[in-house]
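The structure under discussion appears below in the form of structure tokens.
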Amino acid sequence: SAAVEVLDRFLEEGKLVSTKGRVSDQNWSYTAHRPGTWKIPLVLLVDENSASASEIVAGALTDHRRATVVGRKTYGKWSVQSIFPIRGSTGLRLTTAKFYSPQGNTYGKIGIKPTITVEKDELQTAMYGASREQKLAADSDIKRGLQILQRQYAVTP
């Protein structure tokens, strides 16, 4: 999955994510296996729109204490869904398993709480018509993430 590929770049060893399902063929465990991972400071920005693969990444990086997670609580979609064909091009989508973080946590319907919470800026909402650069400059999550990197790792933008 995309989440496992991303995590493999930042975690050298250990469990990344697992699934437990209604039937045993839905039970999987994924571990890091790529030598030469990127050993760089990492701040991960999340909010209420972070779901599925991005939550798996946040969960693993949190459990392995590999990143500082900044922003707002994630969406909370920690379920595996399968599509069962019915007829023609129609199908039925059912939840068949749940995802679990390396420490065995599942954040379904509750989301992941960031290490550092940053509230949504009213200014950011008001700037709907602003340019991309202006929006990024006003983004409180990005500002806070950069402050953390600068303080912890003496990095200048």
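Residue numbering for the sequence shown follows our numbering, beginning at 629 and increasing consecutively. We put the CB at the ideal spot given by N, CA and C, even for glycine.
- Taking every protein chain shown into account, the CB of leucine 764 has fewer than 16 other CB atoms within 10 angstroms, so this residue is exposed.
- Around the CB of serine 729, 16 or more other CB atoms lie within 10 Å, so the residue is classed as buried.
- Going by DSSP, arginine 715 is part of the beta strand (DSSP E) stretching over 707-715.
- Taking C-beta separations shorter than 7 Å and ignoring five residues to either side along the sequence, the partners of glycine 739 in its chain run Lys701, Thr702, Tyr703 and Gly704, following chain order.
- Taking a cut-off of 8 Å on C-beta distances, the segment 649-659 does not touch the segment 670-680, as fewer than three cross pairs fall below it.
- According to DSSP, serine 768 shares a beta bridge with no other residue.
- For glycine 687, the uninterrupted alpha helix (DSSP H) run begins and ends at 681-691, by DSSP.
- Taking C-alpha positions only, threonine 665 is separated from glutamate 641 by approximately 10 Å.
- Cβ contact annotation for serine 680 (same chain, cutoff 6 Å, sequence separation greater than five): Lys705, in chain order.
- By the neighbour-count criterion, in which 16 or more other beta carbons inside 10 Å mark a residue as buried, phenylalanine 712 falls on the exposed side.
- In the DSSP assignment, leucine 673 falls within the unbroken beta strand (DSSP E) covering 671-674.
- The three-state secondary structure of valine 746, taken from DSSP, is coil.
- Under the DSSP assignment, valine 698 falls in the beta strand (DSSP E) whose first and last residues are 696-699.
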